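Enquirer: Attaching a single structure in structure tokens format; questions to follow.
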Amino acid sequence: MQLLLADQLGPHFELEEKLLLPIVDGQFSKRNHHRQKAHIIRYAQLARAKASNVQAVRIESYRDLKDFAGLTSMVSGSSRSFDALADSLNLTKLENPGFCSSKQDWSAYLAKAGKRLRLEDFYRLQRTRLGILMEAGEPVGGKWNFDEDNRLPPPKLGLGLPAPYRPAEDELDKIVRAELDELERTGRASFIGVDGPRIFPGDRAQALSALNDFITNRLDLFGPYEDAMDSRDWTMAHSMLSVPMNLGLLSPMEVVTAAVDAYKSGSARLASVEGFVRQIIGWRDYVWQLYWHFDQDYQNLNELEATTALPAGWQDLTAKGIDANCLSSTLKDVSERAWSHHIPRLMVLGNTALQRGFDPRAVNDWFIDAFADGTPWVMPANVIGMSLYADGGKMSTKPYAAGGAYINKMSNYCSSCKFKPTVRVGADACPFTAGYWNFLANNSERLKSNHRMSQPMAGLRRLTDLEQLLVQEQNRESL
Ligand SMILES: Cc1cc2nc3c(=O)[nH]c(=O)nc-3n(C[C@H](O)[C@H](O)[C@H](O)COP(=O)(O)OP(=O)(O)OC[C@H]3O[C@@H](n4cnc5c(N)ncnc54)[C@H](O)[C@@H]3O)c2cc1C
Ligand code: SF4
């Protein structure tokens, strides 16, 4: 009998006739999870358990699986802790089919890359190997990426897109709510965030509707506005498909194929389709492979010796005491939906955590718990590496620190903020602008040998009010 974990709920994971689906009540007991994250996982499991070949079992912990004899095969779990448990239970581990590359493909990449790991090289290899957007061995359109057509700020009048797909709640949602209430009442879980209406697809049919909605209504504008943030539009043209993909309800290859078909039929421009494909066969797979490539200690790296605890307004998602409009709006979005798109994650939340020296492991775990798509494999490369530079540059060649000027250019947050993005000292000083220089000054010794930081470092040396700024930031009580 094959074990079916919560990230393996679609048809491409069904390798054996009989499936055992464990519903683990203790799953949310160790840390506070977003209520909507717990809801979508539980909903998707109960929906999957309706199939006649699936036997659902309720257990308190994965360790209780030892009571089940004859579990002969499973696909490898999505986290090291499960992997270790699988070893202790003597389960056969098969390769996870939820990605677009295998261990062998990764080895082939490593053989070419040597020690210099770069997403771009991995992505090109993936495109070539999979034959996606390729013509006679060359990239369609003559270029591997169309970044110069993308990265536009939000348009003044908004994107004008229809609201994204939202599943209709049903009886199962009621059952899930009752179960989660019971877990809280009996002290086995404590949730954060708003228990909003369910916004993510929880079964295969809903997932296909969400995919179709994205391809038809949003994909064409994905590329140009990929990096833009708009307080009036929380999705922009993003797909919101990470949740169904991470639950295993959609296979990444079917998502990519649907996007490429939209380009072929003329309904989506190449810059958008290429940009979207890169996120999936590139970033998603790269991050997955890196999770297994780096050793277990990677998630405990702390190159910048950052030790600040997460503020209360992050831990409970209330944004309590936070005046910075970009940050409080993003935390409010996370509280309401357990989701935000990539740029608020990286350039608002990640940027704050980097500038303010939040403990990297605490940030890593917070993202896993607060986001509906959060998984142990996705976070280390995105948080420890990309956002916090806690790996000292294994993932990125320089820290992703940015001041208010970037946020002002790529969003409309600043126009209704009490701070001014151009001001770095005084009552109006933008905490991101001041925080940027403060970060550079505090880490100047570590960063001075990084040639990609030489320009910002030269800018730092030219600041005439640096001393004032450093005192201001040292005394800052809230953002
Ligand atoms: C700090 C931080 C935390 C993140 N946390 C998560 C997370 O918990 N779960 C998660 O799946 N992704 C995470 N990401 C990556 C990315 O932000 C999300 O995948 C994306 O925002 C999900 O929304 P979407 O489905 O609309 O993505 P789209 O913008 O529509 O992109 C399409 C797909 O590409 C994939 N993708 C794009 N970028 C990445 C990336 N950097 N890493 C992995 N996959 C990527 C996702 O599967 C996504 O669904 C995080 C990134 C950062 C910087
Ligand atoms: S002024 Fe600064 S704090 Fe306010 S929204 Fe802009 S970047 Fe954020």
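To convert, count from 1 in the sequence shown and add 630; that's my numbering.
Backbone N, C-alpha and C define an ideal beta-carbon position, used for all residues, glycine too.
Predicted model, so just to flag it, every value in this text is computed and none were measured.
Please report the straight-line C-alpha distance between VAL1055 and SER1017, rounded to a whole angstrom.
Expert: Rounded to the nearest angstrom, the two C-alpha atoms are 25 Å apart.
Enquirer: Please tell me whether, using a cut-off of 7 Å, the distance from the CB of ILE998 to the nearest non-hydrogen atom of ligand 2 is below it.
Expert: Checking the Cβ of ILE998 against ligand 2 gives no.
Enquirer: Measuring straight from C-alpha to C-alpha, what distance separates ALA716 and LYS723?
Expert: Cα-Cα distance, rounded: 8 Å.
Enquirer: Taking LEU724 as part of the beta strand (DSSP E), name the residues at either end of that continuous run.
Expert: Per DSSP, LEU724 belongs to the beta strand (DSSP E) from 722-724.
Enquirer: Which residue from HIS923, ALA1032, LEU1077 puts its Cα closest to that of LYS733?
Expert: The residue with the shortest Cα to Cα distance from LYS733 is HIS923.
Enquirer: Sorted by chain position, which residues of the same chain lie with C-beta nearer than 8 Å to PHE643's C-beta, five sequence neighbours on each side aside?
Expert: Counting only Cβ-Cβ distances below 8 Å, and skipping sequence neighbours, we find LEU634, VAL705, PRO727, GLY728, GLY878.
Enquirer: Return yes when the C-beta of GLY1056 is under 7 Å from any heavy atom of ligand 2, and no when it is not.
Expert: No, ligand 2 has no heavy atom inside 7 Å of this Cβ.
Enquirer: Which runs of the alpha helix (DSSP H), 4 residues or longer, sit entirely within the stretch 1005-1054?
Expert: Counting only runs of 4 or more, we get 1034-1040.
Enquirer: Would you call the stretch 768-776 and the stretch 801-809 touching, i.e. three or more CB-CB distances under 8 Å?
Expert: The stretch 768-776 vs the stretch 801-809: no contact.
Enquirer: Confirm the yes/no value for this check: CB of TRP922, any heavy atom of ligand 1, distance under 7 Å.
Expert: Checking the Cβ of TRP922 against ligand 1 gives no.
Enquirer: Under 7 Å from any heavy atom of ligand 2, by CB: list those residues in chain order, please.
Expert: Residues flagged by the Cβ proximity filter: ALA954, ASN955, CYS956, LEU957, GLY1034, ILE1037, ASN1038, TYR1043, CYS1044, CYS1047, PHE1049, LYS1050, PRO1051, CYS1060, PRO1061, PHE1062, THR1063.
Enquirer: Looking at TYR1019 and PRO1010, is the spacing between their C-beta atoms short of 8 Å?
Expert: No, Cβ-Cβ distance for PRO1010 and TYR1019 is not below 8 Å.
Enquirer: Pick helix, strand or coil for GLU647, following the three-state DSSP scheme.
Expert: Three-state DSSP puts GLU647 in coil, outside helix and strand.
Enquirer: Exposed or buried, ASN1073, counting other C-beta atoms within 10 Å across all chains shown (16 or more means buried)?
Expert: Buried.
Enquirer: State the Cα-Cα distance for the pair SER1108 and ALA741, rounded to the nearest angstrom.
Expert: Approximately 48 Å, taken between the alpha carbons.
Enquirer: May I ask whether a heavy atom of ligand 1 can be found less than 7 Å away from the beta carbon of SER872?
Expert: Yes, since a heavy atom of ligand 1 falls inside the 7 Å radius drawn around the Cβ of SER872.
Enquirer: Leaving out the 5 sequence neighbours to the left and right, which residues in its chain are closer than 7 Å to ALA888 when beta-carbon positions are compared?
Expert: Within the same chain, ALA888 has close Cβ partners LEU841, ILE845.
Enquirer: Does LEU838 come within less than 8 Å of chain C when only Cβ atoms are used?
Expert: The structure shown contains no chain C; it holds only a single protein chain.
Enquirer: Can you give, in chain order, each stretch of the beta strand (DSSP E) that sits fully within the stretch 716-782 and has at least 3 residues?
Expert: DSSP runs (the beta strand (DSSP E)) wholly in the stretch 716-782: 722-724.
Enquirer: Quick one: grab the DSSP three-state call for ASP800.
Expert: Reduced to three states, the DSSP call for ASP800 is coil.
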